[in-house]
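Protein chains: 2
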Amino acid sequence: MNSKPATIKEIARRLGISPSSVSRGLHDHGSIGSAMKEKIRTVAQELNYEPNQTAIFLQKGKTHTIGVILPELSESFFSSAITAIEDIANKKNYQVMFAQSHDDEAKEKLLVEKMKSHRVDGLIVSVAKSTSSYEHFTKLSSQNIPVVFFDRIPSVTNVHSVACDMETGTIQAVQYLLKKGHRAIGMINGPSNLLASTQRKEGYIKAFGSQRLKYDPSMIVTSDLTENGTLIAMEQLLIIKRKPTAIVAFNDYISLYAIKYARKLGLVINKDIEFVSYSNLPLIHYMDHIPSASVEQHPYLQGQKAADMLMDLLSNKDTEQQGFYRVIIESELVENRTGGIL
Amino acid sequence: MNSKPATIKEIARRLGISPSSVSRGLHDHGSIGSAMKEKIRTVAQELNYEPNQTAIFLQKGKTHTIGVILPELSESFFSSAITAIEDIANKKNYQVMFAQSHDDEAKEKLLVEKMKSHRVDGLIVSVAKSTSSYEHFTKLSSQNIPVVFFDRIPSVTNVHSVACDMETGTIQAVQYLLKKGHRAIGMINGPSNLLASTQRKEGYIKAFGSQRLKYDPSMIVTSDLTENGTLIAMEQLLIIKRKPTAIVAFNDYISLYAIKYARKLGLVINKDIEFVSYSNLPLIHYMDHIPSASVEQHPYLQGQKAADMLMDLLSNKDTEQQGFYRVIIESELVENRTGGIL
DNA sequence: ACTTGCTAAACAAACGTTTGCGTTCACAAT
DNA sequence: ATTGTGAACGCAAACGTTTGTTTAGCAAGT
Numbered sequence: 009m010n011s012k013p014a015t016i017k018e019i020a021r022r023l024g025i026s027p028s029s030v031s032r033g034l035h036d037h038g039s040i041g042s043a044m045k046e047k048i049r050t051v052a053q054e055l056n057y058e059p060n061q062t063a064i065f066l067q068k069g070k071t072h073t074i075g076v077i078l079p080e081l082s083e084s085f086f087s088s089a090i091t092a093i094e095d096i097a098n099k100k101n102y103q104v105m106f107a108q109s110h111d112d113e114a115k116e117k118l119l120v121e122k123m124k125s126h127r128v129d130g131l132i133v134s135v136a137k138s139t140s141s142y143e144h145f146t147k148l149s150s151q152n153i154p155v156v157f158f159d160r161i162p163s164v165t166n167v168h169s170v171a172c173d174m175e176t177g178t179i180q181a182v183q184y185l186l187k188k189g190h191r192a193i194g195m196i197n198g199p200s201n202l203l204a205s206t207q208r209k210e211g212y213i214k215a216f217g218s219q220r221l222k223y224d225p226s227m228i229v230t231s232d233l234t235e236n237g238t239l240i241a242m243e244q245l246l247i248i249k250r251k252p253t254a255i256v257a258f259n260d261y262i263s264l265y266a267i268k269y270a271r272k273l274g275l276v277i278n279k280d281i282e283f284v285s286y287s288n289l290p291l292i293h294y295m296d297h298i299p300s301a302s303v304e305q306h307p308y309l310q311g312q313k314a315a316d317m318l319m320d321l322l323s324n325k326d327t328e329q330q331g332f333y334r335v336i337i338e339s340e341l342v343e344n345r346t347g348g349i350l
Numbered sequence: 009m010n011s012k013p014a015t016i017k018e019i020a021r022r023l024g025i026s027p028s029s030v031s032r033g034l035h036d037h038g039s040i041g042s043a044m045k046e047k048i049r050t051v052a053q054e055l056n057y058e059p060n061q062t063a064i065f066l067q068k069g070k071t072h073t074i075g076v077i078l079p080e081l082s083e084s085f086f087s088s089a090i091t092a093i094e095d096i097a098n099k100k101n102y103q104v105m106f107a108q109s110h111d112d113e114a115k116e117k118l119l120v121e122k123m124k125s126h127r128v129d130g131l132i133v134s135v136a137k138s139t140s141s142y143e144h145f146t147k148l149s150s151q152n153i154p155v156v157f158f159d160r161i162p163s164v165t166n167v168h169s170v171a172c173d174m175e176t177g178t179i180q181a182v183q184y185l186l187k188k189g190h191r192a193i194g195m196i197n198g199p200s201n202l203l204a205s206t207q208r209k210e211g212y213i214k215a216f217g218s219q220r221l222k223y224d225p226s227m228i229v230t231s232d233l234t235e236n237g238t239l240i241a242m243e244q245l246l247i248i249k250r251k252p253t254a255i256v257a258f259n260d261y262i263s264l265y266a267i268k269y270a271r272k273l274g275l276v277i278n279k280d281i282e283f284v285s286y287s288n289l290p291l292i293h294y295m296d297h298i299p300s301a302s303v304e305q306h307p308y309l310q311g312q313k314a315a316d317m318l319m320d321l322l323s324n325k326d327t328e329q330q331g332f333y334r335v336i337i338e339s340e341l342v343e344n345r346t347g348g349i350l
C-alpha cells in the first residue's frame with residue numbers, strides 16, 4: 009500500500025535482466041526479443057509501473073512543461089486565453105505551470121526566475137501593466153528558452169508575439185455607427201502610452217476618412233480606466249456643443265460606467281445615446297442597458313495561437329532561429345443582444 | 009550566449025575541487041572553509057549558476073509542485089480559489105500545475121494520471137459534476153500523494169476536505185427575509201443529489217423552525233440550473249395560491265434568470281418580489297435588478313484553507329497519518345448594493 | 001573451420017545534485 | 001612520541017532513466 013512506486017530497475021531485477029533492456033522493451037526502441045518484450049510489458053503492468061518523469065526530465069533536459077504568466081485570472085479575457093493554452097499544451101503532452109503577476113513588475117520578475125529554476129521548456133507571457141523593462145525575459149531567450157508574448161506585448165520588435173489589432177475592429181465599430189446615421193461620435197480612449205489606445209484612435213480617424221467625413225478631435229477623450237476617470241471623460245464629451253449621439257468606449261467596463269452615468273442624466277440608451285465598446289464580456293448577456301455592439305478580441309484564439317507558436321518554437325529549438333514570429337489577429341465587431349427584458 | 013547553464017560540476021572544475029564541496033559551499037551545509045565558501049559563491053555568481061531543479065527533484069524525490077484540478081476557470085468562484093492557492097503555494101516555495109476538467113470525469117481521470125506522472129507532491133481538487141467514482145484519487149493517496157478536496161467534495165468520509173456549509177448561510181438568508189416581513193418565501197433549489205442542495209433545504213426548514221413558523225413544502229422547487237429549468241421552477245412557484253413575495257435562488261445566475269422572468273411578468277424587484285441568492289458574483293455590481301442579498305461562499309478563503317491543509321500534509325508526510333482533515337467554512341449572508349442607477 | 005552478419009542482451013556513462021562516510025592534515029592535549 | 005580532535009575536503013553511491021557501445025551466441029556463407 010505505502011510502497012514506493014515501481015521503477016525500471018525493479019522490473020529488471022524481477023526478470024533478471026538489465027534496466028536498459030527494460031527501457032527498450034517499453035519503448036519498442038532498440039533490439040529486443042519479442043518474447044522478452046512481452047514479459048517486460050506484463051511485469052510492468054503487474055507492478056503498475058509508471059515512468060518517473062523527473063528522471064526523464066533530467067536525462068533529456070526537457071520538462072515538457074510550459075510556464076504561463078499573466079496579470080489576472082479573474083479577468084475573463086485571461087481565463088479564456090489560458091484555457092486555450094492549456095488545451096493546446098495538453099494535446100501536445102505538455103503541462104502548464106502558471107502564475108499571476110497581479111500587474112506587479114517585481115512579482116513578474118520573481119515568477120520568471122521561479123519558472124526558470126523549474127526548468128520550464130518555454131514561457132507564454134502577457135506582461136504586467138507596470139512592466140517597463142524586459143531583461144528578465146531576454147535573459148530567458150538567450151538561454152534558449154523561448155518566450156511568446158500575447159495580448160499585452162512589449163513594444164520591442166525582437167520577440168515572438170501574438171496580439172490583436174484594434175484598428176480594424178475600431179474601423180468597423182465607427183462605420184457601424186456611421187451607417188446607423190450617427191455623425192457626432194465620441195470616443196473614450198485609454199492611456200495614450202498603450203499601443204491599444206493608439207490603434208483605437210487610428211481606427212477612429214480612418215473610419216471617418218473612409219466615408220470622406222472629417223472628425224472632431226475634441227470628440228476623442230481619455231479615461232484612466234477607473235470609474236471616476238470615466239465620469240470625467242463623459243463630462244468632457246457631453247459639454248461639446250454638438251453632443252455625441254454615440255460613444256465608442258475603451259472596453260465593456262468603461263462602457264458600463266459610462267452608461268450608468270448617462271442614465272443618471274436621464275438619457276435613454278440606444279435612443280438618446282448609443283454605445284459600442286470592446287471585449288465582449290459574458291456579463292453583458294445578463295444586463296439590460298448595454299453597448300449595442302462590441303469589438304471581440306478573441307482571447308481563446310490568441311491563447312491558441314500563442315501556444316501553437318511556442319510549440320513550434322520548442323520543436324524547432326535546435327534549428328537556427330531566424331527572425332521572430334509576429335501574429336496579428338484581426339479584431340471584429342459583433343452585435344450584442346441584451347440578456348435583459350428590454 | 010547560447011551556452012548551457014552552469015552546473016555545480018563546472019564550478020568545481022574551475023576551482024579544482026569536488027562537486028560535493030561546491031554543493032556544501034552553496035548550502036552552508038556540512039563542513040566547508042569560509043574562504044573556500046567565498047570563492048565558490050563568487051564563481052557561482054560569475055557563471056550565473058542556478059540549481060537545476062530537475063536534478064534536485066530526482067535526488068530528493070519531491071518536485072515542490074502541487075497539482076490543481078478544477079472544473080472551470082471561467083467561473084469566478086474558481087478563479088478566486090486558485091488565486092488563493094497560488095498565493096499560499098508561492099509563499100511556501102511551491103509551484104502550481106493546473107488543469108481544468110471541464111466537468112468531464114474522463115478528462116479528470118486523465119489529468120490525475122498526468123499529474124501523477126509529473127510527480128506532483130500533492131493535489132488539490134474540486135471534482136467534476138459528473139464524477140461518480142473516486143478510485144483515481146484514492147490510488148494517489150495510497151501512493152502517499154496527499155489529495156485535498158475543496159468546495160465540490162466527494163461524499164465519502166476518508167478524504168481531506170474543505171467546504172462551505174450552506175446551511176448557516178441559508179438560515180441567515182431566510183431569517184433576513186422573515187425579519188423583513190416576508191412569510192411566503194420560495195426556494196429554487198438545485199439537483200437533489202448535491203450536498204449543497206440538501207444543506208440549503210435544511211437551512212430553509214431550520215430558519216422557519218427557529219421562528220416557530222411552519223413552512224410550505226410546495227414552496228421549495230428544483231431547477232436543473234439552466235435558464236429554462238429556472239423558468240419552469242418560477243412557474244411552479246408563482247402558481248401557488250399564496251404567492252411568494254421573496255425567493256431564495258440557488259445561485260446568482262439562477263437569481264438573474266428568475267429576476268428576468270419576474271420582470272417580464274411585470275413584477276417590480278424588491279417591491280413585488282425580493283430575491284436572495286448565493287455566490288456573490290462580481291457582475292452583480294454592474295446591474296440594476298439584483299438579489300438584495302447573497303450568501304458568500306468565500307472562494308478565496310476556501311482555496312487558502314485547502315492550500316494550507318495540503319502544505320501541512322506535505323510537511324508531515326513521514327509522520328503516520330491519523331484521520332482526515334475536514335474543514336468547514338461558514339457561509340455568510342451579505343447585503344448587496346446595486347451598481348446600477350436605481 | 002573460419003569469417004561474417006545478425007539478434008538479443010548487458011554494460012556503462014550520462015543527466016546534476018545531495019549526502020553518508022571516509023580520508024587527510026594540522027594542531028593541541030596527553 | 002603518541003593519541004585525540006576537529007576542520008576541510010574528496011569519494012562514491014544514489015535518485016530513475018536513456019542510449020551508445022560492447023559482448024555473447026548462433027546461423028549462414030565461404
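Those protein sequences? They're chains A and P, same order as listed. Just so we're aligned, residue 9 is where the first sequence starts under this note's numbering, counting upward by one. Just so we're aligned, residue 9 is where the second sequence starts under this note's numbering, counting upward by one. The C-beta atom is built at its ideal place from N, Cα and C for all residues, glycine as well.
Whole angstroms are fine: how far does the CA of Gln207(A) sit from the CA of Leu221(A)? Stepping through the first sequence from its first residue, residue 221(A) is reached at position 213. Stepping through the first sequence from its first residue, residue 207(A) is reached at position 199. Using only the alpha carbons, I get a separation of about 19 Å.
Whole-angstrom distance between Tyr269(P) and Leu239(P), CA atom to CA atom: Within the second sequence, residue 239(P) is the residue found at index 231, counting from 1. Within the second sequence, residue 269(P) is the residue found at index 261, counting from 1. Those two C-alpha atoms are separated by around 7 Å.
Return the CA-CA distance between Glu338(A) and Lys100(P), expressed in angstroms with no decimal places. As a first step, residue 338(A) must be located in the first sequence, where it is residue number 330. As a first step, residue 100(P) must be located in the second sequence, where it is residue number 92. Spanning the two alpha carbons is a distance of roughly 42 Å.
Give the straight-line distance between the Cα atoms of Met44(P) and Gly75(A), rounded to the nearest whole angstrom. Within the second sequence, residue 44(P) is the residue found at index 36, counting from 1. Within the first sequence, residue 75(A) is the residue found at index 67, counting from 1. C-alpha separation (whole angstroms): 36 Å.
On the criterion of 16 or more Cβ atoms from any shown chain inside 10 Å, does Gly194(P) qualify as buried, or is it exposed? Sequence index remark: in the second sequence, residue 194(P) carries index 186 (1-based). So Gly194(P) ends up on the buried side.
What residue ranges within the region 240-264 of chain P form continuous beta strand (DSSP E) runs of no fewer than 3 residues, ordered along the chain? 254-257
Could you give the residue range of the alpha helix (DSSP H) that holds His144(P)? One-based indexing of the second sequence puts residue 144(P) at position 136. Per DSSP, His144(P) belongs to the alpha helix (DSSP H) from 143-150.
My output table needs one value for Thr50(P): the three-state DSSP class, helix, strand or coil. The sequence position of residue 50(P) within the second sequence is 42, counting from 1. Helix at Thr50(P).
With a threshold of 16 other CB atoms inside 10 Å of the CB of Thr234(A), please say whether the residue is buried or exposed. Here the question's residue 234(A) lines up with position 226 in the first sequence. Exposed, because fewer than 16 other Cβ atoms sit within 10 Å of the Cβ of Thr234(A).
Comparing the C-beta of Asp296(A) with each C-beta of chain P, is any distance below 8 Å? Looking up residue 296(A) in the first sequence gives position 288. With its beta carbon less than 8 Å from one in chain P, Asp296(A) belongs to the interface.
Rounded to a whole number of angstroms, what is the C-alpha to C-alpha distance between Met9(A) and Ile19(A)? Taking the first residue of the first sequence as position 1, residue 9(A) is located at position 1. Taking the first residue of the first sequence as position 1, residue 19(A) is located at position 11. With a pLDDT of only 46 at Met9(A), under the threshold of 50, the placement of this residue in the model should not be trusted; the figure read from the coordinates follows. Whole-angstrom Cα-Cα distance: 18 Å.
Hey, Leu321(P) and Gly69(P): beta-carbon distance below 8 Å or not? For the purposes of this step, residue 321(P) is identified with residue 313 of the second sequence, where counting begins at 1. For the purposes of this step, residue 69(P) is identified with residue 61 of the second sequence, where counting begins at 1. Cβ distance not < 8 Å, so Leu321(P) and Gly69(P) don't count as in contact.
Environment of Lys187(P) [buried if 16+ CB atoms lie within 10 Å]: In the second sequence, the residue the question calls residue 187(P) occupies position 179. Exposed is the call here.
May I ask you to report which of helix, strand or coil DSSP gives Met9(P)? The residue you call residue 9(P) lines up with position 1 of the second sequence. With a pLDDT of 45 at Met9(P), under the threshold of 50, the modelled position of that residue is not reliable, and no figure is offered here.
To the nearest angstrom, how far is the alpha carbon of Gly189(A) from that of Leu273(A)? Here residue 189(A) corresponds to residue number 181 of the first sequence, with the count starting at 1. Here residue 273(A) corresponds to residue number 265 of the first sequence, with the count starting at 1. When rounded, the distance between both Cα atoms is 23 Å.
Could you say which of Asp95(P), Gly24(P), Pro27(P), Val30(P) lies nearest to Ala314(P) if we only look at CA atoms? Position 306 of the second sequence, counted from the first residue, corresponds to residue 314(P). Comparing Cα positions, the closest option is Asp95(P).
What did DSSP end up calling Ser28(P) once you bin it into helix, strand or coil? Within the second sequence, residue 28(P) is the residue found at index 20, counting from 1. Three-state DSSP puts Ser28(P) in a helix.
Got a sec? Which residues, its chain only, sit under 8 Å from Glu340(P) by beta carbon, not counting five neighbours each side? For this step, residue 340(P) is matched to residue 332 along the second sequence. Thr176, Gly177, Gln180, Val303, Glu304, His306, listed in sequence order.
Around the Cβ of Tyr294(P), are there at least 16 other Cβ atoms within 10 angstroms (buried) or fewer (exposed)? By one-based count along the second sequence, residue 294(P) stands at place 286. Tyr294(P) should be labelled buried.
Skipping 5 residues on each side, what residues in its chain have a beta carbon closer than 6 Å to that of Ile255(A)? Taking the first residue of the first sequence as 1, we reach residue 255(A) at position 247. Same-chain partners within the cutoff: Gly194, Phe283.
Of all Cβ atoms in chain P, is any one closer than 8 Å to the Cβ of Met283(A)? Along the first sequence, one-based indexing puts residue 283(A) at 275. Here residue 283(A) turns out to be Phe, not Met, going by the sequence shown. Chain P, which has no Cβ nearer than 8 Å to the Cβ of Phe283(A), makes this no.
C-beta neighbour in chain A for Ile411(P), strict 8 Å: In the structure as shown, chain P begins at 9 and stops at 350. Residue 411(P) is therefore absent and cannot be evaluated.
For Phe157(P), collect the residues of the same chain with a Cβ closer than 6 Å to its Cβ; drop the 5 residues on either side in sequence, then sort them by chain order. Taking the second sequence and counting its residues from 1, the one referred to as residue 157(P) is at position 149. Excluding sequence neighbours, Phe157(P) sits near Val133, Val167, Ser169.
Applying the criterion that 16 or more other CB atoms from any shown protein chain within 10 Å of the CB defines a buried residue, is Ile298(P) buried or exposed? Taking the second sequence and counting its residues from 1, the one referred to as residue 298(P) is at position 290. Buried, by the Cβ-count rule.
Contacts that Arg127(P) makes with chain A (C-beta to C-beta distance below 7 Å): For the purposes of this step, residue 127(P) is taken as the residue at position 119 of the second sequence. Neighbours of Arg127(P) on chain A, chain order: Asn60, Gln61, Thr62.
Gly311(P) - DSSP class collapsed to helix/strand/coil: As a working mapping, residue 311(P) is identified with position 303 in the second sequence. Here Gly311(P) sits in helix by DSSP.
Measuring alpha carbon to alpha carbon, tell me which of Gly41(P), Asp36(P), Gln61(P) ends up nearest Ala14(P). Counting from one through the second sequence, the residue named residue 14(P) turns up at place 6. Selected option, being the one with the closest Cα: Gln61(P).
Quick check on Asn197(P): buried or exposed, where buried means 16 or more other Cβ atoms within 10 Å of its Cβ? Indexing the second sequence from 1 puts residue 197(P) at position 189. Buried, since its Cβ has 16 or more Cβ neighbours within 10 Å.
Quick test of your reading: Ile16(A) and Ser31(A), contact by CB under 8 Å. State the CB separation rounded to the nearest angstrom. Residue 16(A) sits at position 8 when you count from the first residue of the first sequence. Residue 31(A) sits at position 23 when you count from the first residue of the first sequence. So it is a contact: roughly 6 Å between Cβ atoms.
Would Val104(P) count as contacting chain A if we go by Cβ distances under 8 Å? Along the second sequence, one-based indexing puts residue 104(P) at 96. It does: the Cβ of Val104(P) has a partner Cβ on chain A nearer than 8 Å.
Using a Cβ-Cβ cut-off of 8 Å, state whether Glu143(P) counts as contacting chain A. What you label residue 143(P) is simply residue 135 of the second sequence in a count that begins at 1. Not an interface residue.
What residues in its chain sit with their C-beta under 6 Å from that of Gly311(P), if we drop five residues either side in the sequence? Position 303 of the second sequence, counting from 1, holds the residue named residue 311(P). Excluding residues within five positions, the ones whose Cβ falls inside 6 Å are Ala89, Ala92, Ile93.
Which runs of the beta strand (DSSP E) spanning at least 3 residues fall entirely within the region 64-126 of chain A, listed in chain order? 73-78, 103-108
Show which residues of chain A have a CB atom less than 8 Å away from the CB atom of Leu291(P). Locating residue 291(P) in the second sequence gives position 283, where the first residue counts as 1. Simply Leu291, Tyr294.
Between the CA atoms of Met319(P) and His72(P) - distance to the nearest angstrom: In the second sequence, counting from the first residue as 1, residue 72(P) sits at position 64. In the second sequence, counting from the first residue as 1, residue 319(P) sits at position 311. Rounded to the nearest angstrom, the two C-alpha atoms are 10 Å apart.
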